[in-house]
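Take a look at the structure below.
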């Protein structure tokens with residue numbers, strides 16, 4: 015039997031006469047008709063996705079066409095996932111084909127990219143892109159304990175490394191567990207994620223998440239620092255209580271408890287316990303919280319509450335269907351959106367007032383100018399967001415996390 019070129023499987027412009035050889039002639043007529051019907055369904059899906067890709071290319075031309083809003087929204091949601099969807103559809107075609115030669119040809123096209131594709135799935139499932147901000151916050155709050163250059167000792171860097179690695183593992187565990195617990199919701203809200211899209215199996219996801227938990231506890235118990243041990247334990251505990259489907263748990267269903275879970279990590283564990291870890295068990299100083307730490311605790315608590323409320327805004331539809339009573343699903347998207355923006359602008363205003371009260375000129379300069387710029391940029395971006403567009407809302411949500419990272423970049427210099 016003549017082998018079919020790989021391009022003829024994925025290219026919708028190929029002649030339809032090439033499709034029938036994909037069904038084995040050894041099958042009984044009735045089964046052959048069933049297989050042909052299934053393959054036709056896959057073929058139509060490939061053609062549909064190809065048209066969406068072509069639309070994406072046309073959308074970037076100077077003379078944009080006037081496409082319906084529904085088509086534009088579909089393209090926007092799935093633009094970043096064309097390669098993975100094509101691979102999924104190709105594998106579906108293989109599944110419905112009994113021609114081993116064609117299967118071998120198609121599989122061979124993916125062998126060179128298998129490692130990269132695997133890493134891409136793990137990267138997105140573990141939300142590795144969030145670890146940079148996580149590392150910045152831990153390093154920054156640890157540097158706040160530095161008082162002189164001689165404090166930069168090998169012990170300090172060892173303790174700092176333990177804190178960063180432990181925090182990264184805890185963050186990945188919580189992100190993975192949350193996706194495992196929300197597969198049905200994500201099929202509605204975020205069907206492109208690895209689990210609802212079928213790119214990652216549930217068993218593999220459980221193994222990855224369990225590995226993060228085990229390694230995180232190993233890091234915690236390898237150190238003699240009780241603040242770090244307590245911080246990691248609470249991180250894992252509240253992350254589990256937030257997501258897991260167990261009696262009296264899954265606190266994300268209750269807005270107050272959901273906000274508390276996010277606050278306990280971003281507003282208390284990192285600013286306080288990780289700072290005490292650096293202060294006492296890295297530098298050997300008494301456990302004292304300075305006014306600088308209290309300022310960081312206050313502003314990061316506001317960021318944590320905002321993050322807990324804001325992240326539910328684009329998920330209102332799926333949350334209502336699955337009985338998750340977030341604040342946005344109860345009182346509406348617009349009130350929660352502007353509540354979050356108002357809380358952040360209030361925090362920036364307080365930071366400016368504290369900066370003006372400082373006796374050090376360079377502190378006043380950093381606090382006043384820095385927070386004035388951040389506040390103006392946030393206000394401008396917030397007023398440009400279309401609250402009917404989930405992509406725009408999620409974009410602002412990610413921008414708020416960037417502002418969270420910028421705030422931590424200022425922390426080591428906040429010495430009033």
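Numbering (the numbering used here), first residue to last: 15 to 430.
Glycine included, each C-beta is placed from N, C-alpha and C at the ideal position.
Remember, predicted model here, so these are calculated numbers, not experimental data.
Grab me the residues of residue i's own chain with a C-beta within less than 8 Å of its C-beta, minus the 5 sequence neighbours each way, in chain order.
| i | result |
| --- | --- |
| residue 76 | Low per-residue confidence applies at residue 76: pLDDT is 39, beneath 50, and the placement is therefore not dependable enough to give any value. |
| residue 357 | 316, 319 and 320 |
| residue 339 | 267, 268, 269 and 333 |
Skipping 5 residues on each side, what residues in its chain have a beta carbon closer than 7 Å to that of residue i?
| i | result |
| --- | --- |
| residue 332 | 199, 202 and 203 |
| residue 425 | 154, 155, 158 and 310 |
| residue 180 | 230, 233, 234, 242 and 246 |
| residue 177 | 152, 156, 242, 288 and 291 |
| residue 347 | 327, 330 and 401 |
| residue 417 | 388 and 392 |
| residue 404 | 328 |
| residue 411 | 324 and 325 |
| residue 145 | 182 and 185 |
| residue 164 | none |
Could you give the distance in angstroms between the alpha-carbon of residue i and the alpha-carbon of residue j?
| i | j | result |
| --- | --- | --- |
| residue 223 | residue 186 | 7 Å |
| residue 233 | residue 427 | 29 Å |
| residue 313 | residue 219 | 34 Å |
| residue 368 | residue 133 | 45 Å |
| residue 193 | residue 266 | 13 Å |
| residue 13 | residue 248 | There is simply no residue 13 to check, as the chain begins at 15 and stops at 430 in what is shown. |
| residue 431 | residue 374 | Look at the range of the chain in this structure, 15 to 430, and you will see that residue 431 is not part of it. |
| residue 361 | residue 316 | 7 Å |
| residue 289 | residue 274 | 20 Å |
| residue 419 | residue 147 | 5 Å |
| residue 378 | residue 387 | 14 Å |
| residue 364 | residue 213 | 46 Å |
| residue 409 | residue 191 | 23 Å |
| residue 402 | residue 414 | 19 Å |
| residue 250 | residue 278 | 11 Å |
| residue 162 | residue 366 | 27 Å |
| residue 341 | residue 166 | 45 Å |
| residue 60 | residue 398 | Low per-residue confidence applies at residue 60: pLDDT is 41, beneath 50, and the placement is therefore not dependable, though the value from the model is reported in the following sentence. Whole-angstrom Cα-Cα distance: 36 Å. |
| residue 196 | residue 131 | 23 Å |
| residue 370 | residue 384 | 12 Å |
| residue 301 | residue 286 | 10 Å |
| residue 390 | residue 261 | 44 Å |
| residue 160 | residue 372 | 20 Å |
| residue 343 | residue 169 | 48 Å |
| residue 423 | residue 150 | 7 Å |
| residue 183 | residue 221 | 14 Å |
| residue 407 | residue 376 | 35 Å |
| residue 381 | residue 143 | 28 Å |
| residue 431 | residue 394 | Residue 431 is absent from the structure shown; the chain starts at 15 and stops at 430. |
| residue 345 | residue 129 | 45 Å |
Looking only at its chain, what residues have a beta carbon closer than 6 Å to the beta carbon of residue i, apart from the 5 residues adjacent to it on each side?
| i | result |
| --- | --- |
| residue 35 | Confidence is the limiting factor: at residue 35 the pLDDT is only 37, short of 50, which leaves the residue's position unreliable, though a coordinate-based value still follows. The answer is none, since no qualifying residue turns up. |
| residue 421 | none |
| residue 396 | 355 |
| residue 217 | none |
| residue 271 | 265 |
| residue 239 | 291 and 295 |
| residue 252 | 275 and 278 |
| residue 2 | The displayed coordinates of the chain run from 15 to 430. Any statement about residue 2 would go beyond what the structure contains. |
| residue 135 | 208, 213 and 214 |
| residue 188 | 253 |
| residue 359 | 389 |
Q: May I ask you to verify whether the stretch 317-337 touches the stretch 347-355, counting CB pairs closer than 8 Å and requiring at least 3?
A: Touching, yes, given that three or more Cβ pairs across the two stretches are closer than 8 Å.
(Q) Check whether the stretch 290-305 and the stretch 158-175 are in contact - that is, three or more C-beta pairs closer than 8 Å. (A) Yes: at least three Cβ pairs fall under 8 Å.
Q | 4-residue-minimum alpha helix (DSSP H) runs that sit fully inside the stretch 260-286, ordered along the chain | A | Unbroken alpha helix (DSSP H) stretches of 4 residues or longer found wholly inside the stretch 260-286: 269-277, given in chain order.
Q.
I want to know whether the stretch 257-274 touches the stretch 221-237 - three or more CB-CB distances under 8 Å.
A. Three or more Cβ pairs closer than 8 Å define a contact, and the stretch 257-274 falls short of that threshold against the stretch 221-237.
Q: Take every Cβ of the stretch 135-143, pair it with every Cβ of the stretch 208-222, and state whether three or more of those distances are shorter than 8 Å.
A: Result yes; three or more Cβ-Cβ pairs closer than 8 Å.
Q | alpha helix (DSSP H) segments (min. 4 residues) lying fully within the stretch 156-214 | A | DSSP runs (the alpha helix (DSSP H)) wholly in the stretch 156-214: 168-195, 197-203 and 208-211.
Q: Taking 8 Å as the threshold, find out whether the stretch 298-307 comes into contact with the stretch 269-284 through three or more Cβ pairs.
A: At 8 Å Cβ cutoff, the stretches do not touch.
Q | alpha helix (DSSP H) runs contained entirely in the stretch 325-391, provided each spans 4 or more residues | A | If we require 4 residues or more, the alpha helix (DSSP H) runs fully inside the stretch 325-391 come out as 330-335, 341-345 and 347-370.
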